[in-house]
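*Asks:* Just passing along the structure, written as structure tokens.
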Amino acid sequence: MKKLSLYIHIPFCKKKCHYCDFRSFQNCGRDDIQEYMEDLSKEIDLYRHLGKVYVIDTLFIGGGTPSMVPVEGIAKIMKQLRRVFPFSEDPEISIEGNPDTLSYDKMARYYDLGIHRLSMGLQSENRELLKTIGRIHSAEDFLASLENARKIGYENINGDLMFGLPGQRLKTFQNTLQWVVNLNIPHISAYGLIINEETELARRINHGVLPEPDEDLEVDMYDFLRKFLPKKGYQHYEISNFAKPGFQCRHNRTYWENREYLGLGLGAHSSIGNRRFFNAEDFDSYHRMIQAEEKPLAGEELLSDRERLKESLMLGLRLREGIDMDYLEERYKTPVDDTVKQKLRGFEKKELIQTREGRLRLTSKGLYLSNSVFREILD
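Structure, rendered in structure tokens:
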């Protein structure tokens with residue numbers, strides 16, 4: 215059977231962070247959450263036919279804040295998934311959570327359900343920065359959750375960090391990284407702040423309440439990040455991700471290697487074969503279609519092999535190991551077109567990409583300008 219990665223979207227939050235533009239909702243009542251979880255269980259059943267073809271190799275329960283949902287709801291989803299899909303012998307099963315919603319009992323239940331990877335949103339250990347971005351946990355909350363997780367038996371743990379935050383100094387970020395490294399967390403994701411106009415953070419910056427981010431300072435932070443963590447035993451395996459040996463995120467590699475995945479829940483995206491499709495983003499439409507026993511789709515597209523090759527090239531360049539161009543042409547049974555080749559030659563002249571041991575990869579300079587490279591490849 216073929217391997218499939220599965221993403222489950224839980225769109226609820228205790229409080230929406232000031233920078234967040236994800237499909238998530240705060241202050242939802244228990245009845246609303248229960249109705250959504252029941253709809254999600256029914257949506258799983260609508261894909262029963264895939265259980266005859268695919269085996270689930272990775273599962274990621276994300277959001278939102280899945281850890282704020284009553285654990286009985288997560289247990290019901292896990293039970294339904296195992297009823298519909300076979301799982302591989304050693305599946306990677308992850309759940310996202312914020313420190314203030316991860317109690318000992320809840321994490322213990324997750325572990326018993328086979329959810330053995332935790333991804334915890336730290337962002338920073340600095341109290342003032344957490345307040346600036348609207349986070350409601352503290353560094354002490356994170357430490358307590360981490361200690362409890364390890365008592366339960368969790369070894370595979372990710373800590374999310376952010377840099378380029380308003381008011382964040384280089385020294386502050388350096389202190390955060392050292393603080394996290396001292397905790398011996400095996401996986402670290404670190405993302406530069408992206409300001410989306412519809413967010414509370416953008417409103418505060420536009421009104422002069424918070425300072426404009428300093429792009430040069432953000433580059434300095436990323437430069438320190440990518441040099442510091444490898445010295446501490448972390449492999450820089452993707453633009454924003456670092457892992458100790460054996461702890462790379464298999465689920466996220468599915469996306470970067472452009473392999474097949476199914477997304478379930480509000481606004482979730484899927485990629486099966488050459489078909490891309492995504493779910494309705496509002497509760498009413500999602501609920502109505504589920505109740506009518508219809509897949510809650512809002513759109514889809516079919517990609518040509520040439521389009522899929524370009525997509526795989528762009529995604530593969532996110533990995534520090536790069537991409538084998540001969541493999542891509544063999545995988546999609548189509549050559550890289552002349553326009554893309556010309557763009558790649560231009561990137562090489564600008565020293566943004568290089569070929570090493572038969573693999574095309576971003577240079578150190580290219581890491582900082584990766585989004586521009588990716589946009590040009592897809593244009």
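Take any residue in the sequence shown, count from 1 to its spot, add 214: that is its number in the numbering used here. Every residue gets a Cβ at the ideal spot worked out from N, C-alpha and C, and that includes glycine.
(1) Quick check: what's the CA-CA separation for residue 448 versus residue 462?
(2) Put residue 416 into one of helix, strand or coil per three-state DSSP.
(3) Mapping DSSP to helix, strand and coil, what is residue 432?
(4) Which word fits residue 594, buried or exposed, when buried means at least 16 other C-beta atoms lie within 10 angstroms of its C-beta?
(5) Could you give the first and the last residue of the continuous alpha helix (DSSP H) run that contains residue 496?
(6) Report yes or no: do the stretch 415-427 and the stretch 385-400 share at least 3 C-beta pairs separated by less than 8 Å?
(7) Less than 9 Å between CB atoms is the rule here; does residue 490 satisfy it with respect to chain B?
(8) Is residue 351 helix, strand or coil when you go by DSSP?
(9) When we look at the beta-carbon of residue 311 and count the other beta-carbons within 10 Å, is it buried (16 or more) or exposed?
(10) Provide the residue span of the beta strand (DSSP E) that contains residue 455, from first to last.
(11) Let me check understanding here. Comparing Cα to Cα, which of 436, 238, 275 lies closest to residue 466?
(12) Counting along the chain, where does the alpha helix (DSSP H) carrying residue 515 start and finish?
(13) What does the alpha-carbon distance come out to for the pair residue 455 and residue 308?
(14) On the criterion of 16 or more Cβ atoms from any shown chain inside 10 Å, does residue 263 qualify as buried, or is it exposed?
(15) Among 527, 255, 250, 282, which has the Cα closest to the Cα of residue 315?
(16) What did DSSP end up calling residue 504 once you bin it into helix, strand or coil?
(17) Can you find the residues in the same chain that come closer than 7 Å, C-beta to C-beta, to residue 523, ignoring five residues on each side of it along the sequence?
(18) Grouping DSSP H, G and I as helix and E and B as strand, with all else coil, what is residue 573?
(19) What span of residues does the beta strand (DSSP E) with residue 344 cover, start to end?
(20) I need the DSSP call for residue 482, collapsed to helix, strand or coil.
*Replies:* In short:
(1) 10 Å
(2) helix
(3) helix
(4) Residue 594 lies beyond the stretch modelled for the chain, which goes from 215 to 593, so this question has no answer here.
(5) Looking at the DSSP string, residue 496 is not in any alpha helix (DSSP H), and its letter there is neither H nor E.
(6) Contact between the stretch 415-427 and the stretch 385-400 is not established, with fewer than three Cβ pairs separated by less than 8 Å.
(7) Of the protein chains in the structure, only one exists, and it is not chain B.
(8) coil
(9) buried
(10) 455-457
(11) The residue among 436, 238, 275 with its C-alpha nearest the C-alpha of residue 466 is 275.
(12) Annotation: residue 515 is outside any alpha helix (DSSP H); the continuous beta strand (DSSP E) that includes it extends over 511-516.
(13) 16 Å
(14) exposed
(15) Checked all of 527, 255, 250, 282; the closest Cα to residue 315 is 282.
(16) helix
(17) 542, 546, 548, 550
(18) Here residue 573 carries a strand assignment [DSSP, helix/strand/coil].
(19) Run containing residue 344: none in the beta strand (DSSP E); it sits in the alpha helix (DSSP H), 341-346.
(20) coil
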